[in-house]
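J.: For reference, the structure I am asking about is given below.
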Amino acid sequence: MNIYYSFILTLVGAAAIIICSTERKRRLYSERKNRYLQDVINQLDEQAKMIIKTDMALNRVQEELDKKITGLYTLHELGKKINSTLNIDDLFALIKPALVSKLGYSNALIVLKDKASGKIGVKTAIGYSDNEIKKIETRLNKEGFASPLLRKGKFLLVNSDMKKIEHEDIFSDIFKTELFLTAPIVARDLAVGFILMGNPSSYAKLTEGDVEILSILTSQIGTAIENTNLYTELFDSHQDLESRVKERTQELARLNEELQKLNKVKSDFVSAVSHELRTPLTSIKGYASILMTGKLGEVTPAQKERLQKIDKHSNSLTRLVNNLLDIARIESGRMQMDIRENSVKDMLDSVIDIITPQAKEKNIALKINVKVKPDRIKADPAQMERVFVNLLGNAVKFTPEKGRIIISCHENKGLVEFSVEDTGMGIPREDVEKVFEEFFRSDNALDQKVKGTGLGLSLVKKIIEAHKGRIWVESELGKGTKFTFTIPK
Ligand code: ADP
């Protein structure tokens, strides 16, 4: 029995031992599990904190990025307007409160230094009263605080994470802003002013992004100032040039008027003198003819020879006087052209008849060259005859014996073109332009003692111009000369 009990007791004991050890094991296991869980929770907590931190940093970057994009977009829009602005005041008027607030500020100033006086002037002010603007100008001018703000390439930042600046408090006081940023405006490589953007409170800090945006704005404004200055300079010089041209034109008109008056005085004088000469000339010629007839007494051969000379010279003097009178009359418009239809053939035949004896005397061949023959032209026949007689007379005069003269005529674009070409002595190059001037005779004509007055071509030119035509000359010394003139058909 005892054995039985002891066996039972042993069993119970063994069971109790087994139960006890199982319980301990379970407790140990539970404790370990709890510790593990605590570690996991701690780790998760750490990670959550990290995520929140990263999220906040990301938000800040996002905000900064948004601000930059808004700033850049605003500047892009402003840039388009600035590019089409050519007036400096219009340029400053573009900086409006809305634009400043889009860039994240409530206050803005654009300050320029006058090139001539060196005075500092506020051109644009946002967020300031008139009184405050005056005070800012006075202080910047008097206390010389503007100099550090006008240094090329130098940005001033107050209330940023970046370096502090000297006189920060004074600047804050001048500009009434706790937080601000200034940048110099550079035009043609010179700092001509500065821009300030700021806020009365320093709630947000200034960053590199703000500096970048303001530097873009200042360079936009600097370039625009350069452009408007260039435009103004160009405009001014254009105006100056225009007024100088106007002045010169007026001066020329005045001189022209004076010249016309003088010309009229000259024509009147020549006219008057010629008239006065004509009457005694007619008498001289008349008396010489009467004497030559012998009605007033016998005339010896020697006397006759002298009388013939008087007659010949008074004839050429009469021609000269008549030419002078006609030039004066055409110039003053007193001579009306009797313009009517004429047969070209008849006209040329008639002048050939006149000139043939002179040409024959020198054995000069006369040739007519007509390409597309115009049958009829509208002109004053008597004056046209004078033109041809003068041109052909000169051609005969200035062409040596056995030479050749060609008269050409053709029609071209509604104009009839005539030319008289000879194989004569030609005109020196320097004299070609002068042959139509009154009394001009070239040296080679004088050297060769060819007679003349220097009035024929001047009269010819006046007659052609009175027919709304044009005359010119081409010549080669020693080879020949060609006079060409056109008149409307
Ligand atoms: P003039 O013949 O009476 O001298 P013109 O006015 O007719 O006056 O001519 C002016 C000058 O032009 C002449 O003196 C002469 O020097 C030059 N000239 C005109 N026609 C010719 C010509 N066919 N050949 C050479 N020279 C000429």
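Residues 599 to 1087, numbered by the numbering used here, are exactly what the sequence shown covers, in order.
Quick reminder that beta carbons are idealized off the backbone N, C-alpha and C, glycines included.
Quick caveat: nothing in here was measured; it's all calculated off a predicted structure.
1) I'd like the span of the beta strand (DSSP E) that includes Ser-941, first residue to last.
2) Determine the extent of the alpha helix (DSSP H) in which Asp-924 is found, giving its start and end residues.
3) Considering Cα atoms alone, identify which of Gln-645, Glu-766, Phe-773 is closest to Ile-708.
4) Apart from the five residues just before and just after Leu-879, which ones in its own chain have a Cβ nearer than 8 angstroms to its Cβ?
5) Between which two residues does the alpha helix (DSSP H) carrying Leu-812 extend?
6) Can you tell which of Leu-850, Tyr-885, Tyr-603, Ile-1005 has its C-alpha closest to the C-alpha of Phe-1083?
7) Smallest Cα separation from Arg-737: which of Ser-770, Ala-706, Asn-705, Ala-714?
8) Could you pull out every residue in the same chain whose Cβ sits closer than 7 angstroms to the Cβ of Lys-1060, ignoring the five residues on either side in sequence?
9) Quick check on the DSSP output: the beta strand (DSSP E) that includes Val-1071 runs from which residue to which?
10) Check whether the Cβ atoms of Asp-973 and Ile-937 sit closer than 7 angstroms, and answer yes or no.
11) Beta strand (DSSP E) containing Asp-1020: first to last residue?
12) Let me check you understand the geometry: is the CB of Thr-1082 closer than 6 angstroms to at least one non-hydrogen atom of ligand 1?
13) On the criterion of 16 or more Cβ atoms from any shown chain inside 10 Å, does Met-982 qualify as buried, or is it exposed?
14) For ligand 1, list every residue whose C-beta falls under 5 angstroms from any of its heavy atoms, going in chain order.
15) Could you give the first and the last residue of the continuous alpha helix (DSSP H) run that contains Ala-744?
16) Measure from the alpha carbon of Ser-745 to the alpha carbon of each residue in Gln-848, Asp-944, Leu-684, Lys-711, then state which is nearest.
17) In or out: Phe-1037 buried (at least 16 other Cβ within 10 Å) or exposed?
18) At a cut of 8 angstroms, does the region 681-698 reach the region 774-792 through at least three beta carbon pairs?
19) Would you mind giving the Cβ-Cβ distance between Cys-1007 and Val-1014, rounded to the nearest angstrom? I have them listed as a contact below 8 angstroms.
20) How about the region 947-966 and the region 996-1003: do they share at least three Cβ pairs that are nearer than 8 angstroms?
21) Run through DSSP, which three-state label would Asn-685 get?
22) Along the chain, where does the beta strand (DSSP E) containing Ser-1006 start, and where does it finish?
23) Pull up the CB-CB distance for Lys-960 and Glu-999, whole angstroms please, since I reckon it's below 8 angstroms.
24) Measure the C-alpha to C-alpha separation of Phe-986 and Thr-1051 and round it to an integer number of angstroms.
25) Would you list the one or two residues that DSSP bridges to Phe-1083?
26) Have a look at the DSSP bridge pairing and note the partners of Met-795.
27) Note down the Cα distance separating Arg-1068 from Ser-865, rounded to an integer number of angstroms.
28) Provide the residue span of the beta strand (DSSP E) that contains Ile-724, from first to last.
T.: In short:
1) Counting along the chain, Ser-941 sits inside the beta strand (DSSP E) bounded by residues 938-941.
2) Where Asp-924 is concerned, the enclosing alpha helix (DSSP H) starts and stops at 899-930.
3) Ranking the options by Cα distance to Ile-708, first place goes to Phe-773.
4) Counting only Cβ-Cβ distances below 8 angstroms, and skipping sequence neighbours, we find Ser-912, Leu-915, Thr-916, Val-919.
5) DSSP places Leu-812 in the uninterrupted alpha helix (DSSP H) bounded by 806-891.
6) Ranked by Cα distance from Phe-1083, the options Leu-850, Tyr-885, Tyr-603, Ile-1005 are led by Ile-1005.
7) Residue Ser-770 holds the alpha-carbon nearest to the alpha-carbon of Arg-737 among Ser-770, Ala-706, Asn-705, Ala-714.
8) Same-chain partners within the cutoff: Ile-925, Ile-928, Glu-929.
9) For Val-1071, the enclosing beta strand (DSSP E) starts and ends at 1068-1074.
10) Inclusion of Asp-973 and Ile-937 in the CB contact set at 7 angstroms is not warranted, their separation being larger than that value.
11) Per DSSP, the continuous beta strand (DSSP E) segment holding Asp-1020 begins and ends at 1013-1020.
12) For Thr-1082, the CB stays at least 6 angstroms from every heavy atom of ligand 1.
13) By the 10 Å Cβ count, Met-982 comes out buried.
14) In chain order, the residues positioned with their C-beta nearer than 5 angstroms to some heavy atom of ligand 1 are Asn-992, Ala-993, Phe-996, Gly-1022, Ile-1025, Val-1033, Arg-1039, Ser-1040, Ala-1043, Gly-1050, Thr-1051, Gly-1052, Gly-1054, Leu-1055, Thr-1079.
15) Counting along the chain, the unbroken alpha helix (DSSP H) around Ala-744 starts and ends at 744-747.
16) For Ser-745, the closest alpha carbon among the candidates Gln-848, Asp-944, Leu-684, Lys-711 is that of Lys-711.
17) By the neighbour-count rule (16 or more Cβ atoms within 10 Å), Phe-1037 is not buried but exposed.
18) At 8 angstroms Cβ cutoff, the stretches do not touch.
19) Correct: roughly 7 angstroms between the Cβ atoms.
20) Contact holds: three or more Cβ-Cβ distances are below 8 angstroms.
21) The answer is coil: DSSP assigns Asn-685 none of H, G, I, E or B.
22) Counting along the chain, the beta strand (DSSP E) containing Ser-1006 begins and ends at 1002-1010.
23) The pair is a contact, with the Cβ atoms about 5 angstroms apart (cut-off 8 angstroms).
24) Taking the straight line from one Cα to the other gives about 17 angstroms.
25) Bridge partners of Phe-1083: Phe-1016, Ile-1069.
26) BP columns for Met-795 point to Ala-706, Leu-779.
27) Going from the Cα of Arg-1068 to the Cα of Ser-865 covers about 22 angstroms.
28) 718-724 is the span of the beta strand (DSSP E), which, as asked, contains Ile-724.
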